[in-house]
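In the working numbering, the protein residues as written are 891 to 1107. For every residue, glycine included, the Cβ atom is placed at its ideal position computed from N, Cα and C.
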Ligand SMILES: N[C@@H](CCC(=O)N[C@@H](CS)C(=O)NCC(=O)O)C(=O)O
């Protein structure tokens, strides 16, 4: 069993959960973070001194396995230990190509969304939201989505015609983007890709999580 600590409403936890489900791995998830607490306890901090979620312990790898944190490192580990071609290719150059788009999803796309767009919209009262700044942030973010849109004109998924780790790191952001009460640019291929993800049971179960619990914290 792979143990995962982290609330289901955390984007970084969602990546790990979706990855576990795609790889068909047995897991147990424990709520932690924000209103659930746990991540500020000594026990938790001894596993992950950052006090962030997610943290995992891979019980399938044996007893006394070192806890892992940083969602990017976790999904790469899971893909390397349990994934197969084409999800996580064995050929290093093909793997690096998947990894490039996965890293892009996490570093260039997710960071342009969660901090500048998602949190201000879900947490600010209407009177307190800086709408000009939000508009600028949405433009910057959608400029990144436009890169994916051109790519998806010729591919079903981000890298090619098969689901890869890159889709996990990029695609999880889209649920929040499409569910949030903001004006969106028309990006036909990204919309079609999002519909493809929405039809996937693992995406429905682990990513399409209502985020209302975050509005009041
Ligand atoms: N770079 C880290 C970031 C972890 C992180 O900041 N997680 C957030 C949730 S997405 C967190 O722990 N927030 C505090 C909390 O939920 O209590 C990762 O990718 O795992």
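Which same chain residues end up closer than 6 Å to residue i when comparing Cβ atoms and leaving out the 5 residues on each side of it in sequence?
{"i": "residue 910", "result": "917"}
{"i": "residue 1075", "result": "1032"}
{"i": "residue 1093", "result": "1087"}
{"i": "residue 1103", "result": "899"}
{"i": "residue 969", "result": "978, 1055"}
{"i": "residue 1112", "result": "Since the first residue of the chain shown is 891 and the last is 1107, residue 1112 is not available in this structure."}
{"i": "residue 1049", "result": "988, 991, 1056"}
Closest to residue i by CA distance: which of the options is it?
{"i": "residue 1061", "options": "933, 993, 1044, 959", "result": "993"}
{"i": "residue 973", "options": "1053, 1044, 1026, 1063", "result": "1053"}
{"i": "residue 1056", "options": "991, 1041, 1103", "result": "991"}
{"i": "residue 907", "options": "1102, 1098, 1106", "result": "1098"}
{"i": "residue 958", "options": "978, 935, 989", "result": "935"}
{"i": "residue 989", "options": "1006, 971, 1010, 965", "result": "965"}
{"i": "residue 1100", "options": "1021, 897, 949", "result": "897"}
{"i": "residue 1095", "options": "912, 891, 946", "result": "912"}
Considering residue i, what are the terminal residues of the beta strand (DSSP E) in which it resides?
{"i": "residue 893", "result": "892-895"}
{"i": "residue 1074", "result": "Segment: none, residue 1074 is in no beta strand (DSSP E) and carries neither H nor E."}
{"i": "residue 1110", "result": "Because residue 1110 is not part of the residues shown, which for the chain are 891 to 1107, the question remains open."}
{"i": "residue 918", "result": "917-920"}
{"i": "residue 946", "result": "945-948"}
For a test of the three-state rule: what should DSSP assign to residue i, helix, strand or coil?
{"i": "residue 906", "result": "helix"}
{"i": "residue 997", "result": "helix"}
{"i": "residue 1099", "result": "coil"}
{"i": "residue 1035", "result": "helix"}
{"i": "residue 1019", "result": "coil"}
{"i": "residue 958", "result": "strand"}
{"i": "residue 992", "result": "helix"}
{"i": "residue 898", "result": "coil"}
{"i": "residue 942", "result": "coil"}
{"i": "residue 982", "result": "helix"}
May I ask whether a heavy atom of ligand 1 can be found less than 7 Å away from the beta carbon of residue i?
{"i": "residue 939", "result": "no"}
{"i": "residue 942", "result": "yes"}
{"i": "residue 924", "result": "yes"}
{"i": "residue 1056", "result": "no"}
{"i": "residue 1105", "result": "no"}
{"i": "residue 962", "result": "yes"}
{"i": "residue 929", "result": "yes"}
{"i": "residue 984", "result": "no"}
{"i": "residue 908", "result": "no"}
{"i": "residue 900", "result": "yes"}
{"i": "residue 1021", "result": "no"}
{"i": "residue 895", "result": "no"}
{"i": "residue 959", "result": "yes"}
Quick one: what's got a C-beta closer than 7 Å to residue i's C-beta in the same chain, skipping five residues either side?
{"i": "residue 1079", "result": "1039, 1042, 1043"}
{"i": "residue 1067", "result": "1003"}
For residue i, which residues of its own chain have a beta-carbon under 8 Å away from its beta-carbon, when the five flanking residues on both sides are left out?
{"i": "residue 940", "result": "959"}
{"i": "residue 998", "result": "1034"}
{"i": "residue 1109", "result": "Residue 1109 falls outside the range modelled here, since the chain spans only 891 to 1107, and no answer is possible."}
{"i": "residue 949", "result": "891, 892, 893, 955"}
Considering residue i, what are the terminal residues of the alpha helix (DSSP H) in which it resides?
{"i": "residue 962", "result": "961-972"}
{"i": "residue 937", "result": "932-937"}
{"i": "residue 1068", "result": "1055-1069"}
{"i": "residue 1013", "result": "1009-1013"}
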